[in-house]
Amino acid sequence: MSINKNLLSWVLLFILHSLPSSHAQENFLSQQKLELIDNEIKTTIAKENIPAISIAFVTNEDQTYFLNYGHFDRSQKRIVDENSLFQIASLGKMFIGIIANNLINEGVIQPDQAITDFLHHPMNKRTFKKLNSITIQDLLHHNSGVPGDGKYGYRRKDGDPYQYNYSEIDFENELRKIRLTKKGKYKYSNLGFALAAFIFEKASNKTYEELLQKYIAIPYGLESTHLELPDNKQKNVVTPYRKYEPTIKTEEWNMGKLGPPSAVYSSTNDLQKIMAQQIKAYQDLPRSKKHALVLTNNLTIKSEKYQIYYGYGLVQWTPEIFGHTGEMDSFGSDYTFIPNKNYGVVILTSCAGNWLPNLARKIHKIIKE
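If you count by our numbering, then the sequence shown holds residues 8 to 376, one letter each, in order.
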């Protein structure tokens with residue numbers, strides 16, 4: 008069900024009559040809660056001058072509701088909906104974790120396997136020794152010591168889109184001269200997750216797009232989720248705008264081999280499908296421990312002060328709350344689910360900023376009240 012702001016009052020009534028008599032109806036989304044959420048979103052849009060937001064509210068009971076605001080482009084009248092495409096930024100790391108679980112379950116890779124088992128380009132003994140101590144799980148936990156971003160091929164100014172087709176040769180050059188920080192300490196690394204995706208390509212003899220389709224898009228019915236977007240779907244991509252200058256258009260990111268953790272395309276309609284299945288998988292623990300969507304069986308400490316942990320591309324904010332956020336100086340995303348409350352929320356936008364996690368917290372607070 009899609010709700011555009013101009014039709015909200017009519018559709019709210021329709022939703023309430025459509026909801027079954029259940030715990031979800033009473034505590035998940037009442038008319039009053041939806042009106043409060045709508046007011047918060049409208050206030051944020053006006054204050055931050057946001058061009059487009061798409062939100063999905065999800066349960067595991069085939070109850071999903073959408074709120075959509077804004078336009079594909081400030082100069083057009085075409086309104087965004089739940090099938091509009093955004094680059095989902097760091098939510099792509101969760102997909103890499105799901106692919107990792109599938110490959111582990113199939114015996115293609117092992118979590119404690121050295122990454123050098125899959126890197127066959129020439130390297131000197133010193134480089135080999137450094138990289139040989141890094142395992143696949145180290146990359147997935149952000150504690151491998153690999154730098155945050157790649158240094159070869161392209162230097163991006165803050166606010167600009169990444170426009171360089173980072174290649175396998177760039178990876179080889181990167182790894183030959185890589186300077187690692189202390190292994191075992193959490194340090195967020197886009198490059199580390201891109202390296203994990205690159206290794207999965209090598210291990211499976213498939214491209215990342217093929218892996219994405221085989222293990223995620225096809226099994227969960229994600230019809231518009233791609234790293235390599237087909238030409239016939241390009242028309243559904245929302246125009247991104249600069250984070251600090253929300254009236255200025257920017258461009259989609261083209262990242263080559265660095266793309267898997269940061270530049271995947273998807274929609275709230277696609278993401279709600281996988282979130283609903285993920286909620287089910289987490290509710291079925293410990294029986295579902297080996298389910299590919301359970302990404303927090305192995306954890307590393309992200310914040311000792313706040314007791315926040317990181318799994319395979321998924322944050323465990325508390326023992327009950329899971330998710331990930333992302334931004335790329337234009338597109339932004341927030342993906343949070345609470346299995347024991349049987350709900351989750353997905354937010355995608357064409358203009359990210361600090362307002363996004365703040366809005367997400369306010370929405371969850373309203374739902375839980």
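Ideal placement from N, C-alpha and C gives every residue a C-beta, glycine not left out.
Identify whether residue i lies in helix, strand or coil by the three-state DSSP scheme.
i	result
E334	strand
L126	coil
Y350	strand
H233	strand
N365	helix
Y222	helix
S29	Residue confidence for S29 is low, a pLDDT of 33 falling below 50, so the modelled location carries little weight; the figure read from the coordinates is stated next. S29 falls in the coil class under three-state DSSP.
A270	coil
I373	helix
A359	coil
I86	strand
Q170	strand
L302	coil
K137	helix
N261	strand
L182	helix
I176	helix
Q241	helix
Y193	coil
Y227	helix
K132	helix
Y215	helix
Since residue i is in the beta strand (DSSP E), which residue starts that stretch and which ends it?
i	result
N408	What is shown of the chain runs 8 to 376, which leaves residue 408 out entirely.
F344	G339 to I345
T307	T307 to S310
F393	Only positions 8 to 376 of the chain appear in the structure, and residue 393 is not among them; the question remains open.
I315	I315 to Y317
Among the options, which one has its Cα closest to the Cα of residue i?
i	options	result
V245	S37, I48, A203 and S61	S61
L198	A270, L92 and E376	A270
L4	E47, Q241, V87 and T71	Any property of residue 4 remains undetermined from this structure, which presents the chain solely from 8 to 376.
T188	K213, D145 and E311	D145
L202	I122, I255 and K213	I122
R133	R186, G333 and I111	R186
E113	K137, H78 and Y222	Y222
Q290	F329, N261, Y317 and E258	F329
H78	P247, Y215, N109 and H148	P247
D80	L92, A367, T71 and D69	L92
E175	F135, R162 and H127	H127
Q70	S37, T50, G99 and S82	S37
W260	T303, S337 and A224	S337
If you check the beta carbons only, do residue i and residue j fall under 8 Å apart?
i	j	result
I105	A299	yes
I374	Y342	no
S97	P268	yes
M101	R183	no
Q170	M335	no
G263	N180	no
S273	V115	no
G155	S196	yes
E327	N347	yes
F325	Y193	Inspection of the sequence shows that residue 325 is occupied by Thr rather than by Phe. Not closer than 8 Å, so no.
E55	P253	yes
G339	I103	no
N239	S231	no
V322	K309	yes
L278	V353	yes
L234	G266	yes
K250	G360	yes
H149	Y316	no
I345	N67	no
If you measure from the beta carbon of residue i to each beta carbon in chain B, is any gap under 8 Å?
i	result
R249	Chain labels in this structure do not include chain B; a single protein chain is all it has.
Am I right that residue i and residue j are in contact with their C-beta atoms under 8 Å? What's the rounded C-beta distance?
i	j	result
P58	C358	6 Å
A63	T275	4 Å
D119	T142	5 Å
E89	F73	4 Å
Y227	K280	5 Å
K209	F125	4 Å
I52	I370	Not confirmed; about 13 Å, so no contact.
F207	L110	6 Å
S140	K190	6 Å
In the DSSP assignment, the alpha helix (DSSP H) including residue i goes from what residue to what residue?
i	result
I106	G99 to N112
D145	I143 to L147
Y289	T275 to Q290
I48	Q38 to E55
I206	N197 to S211
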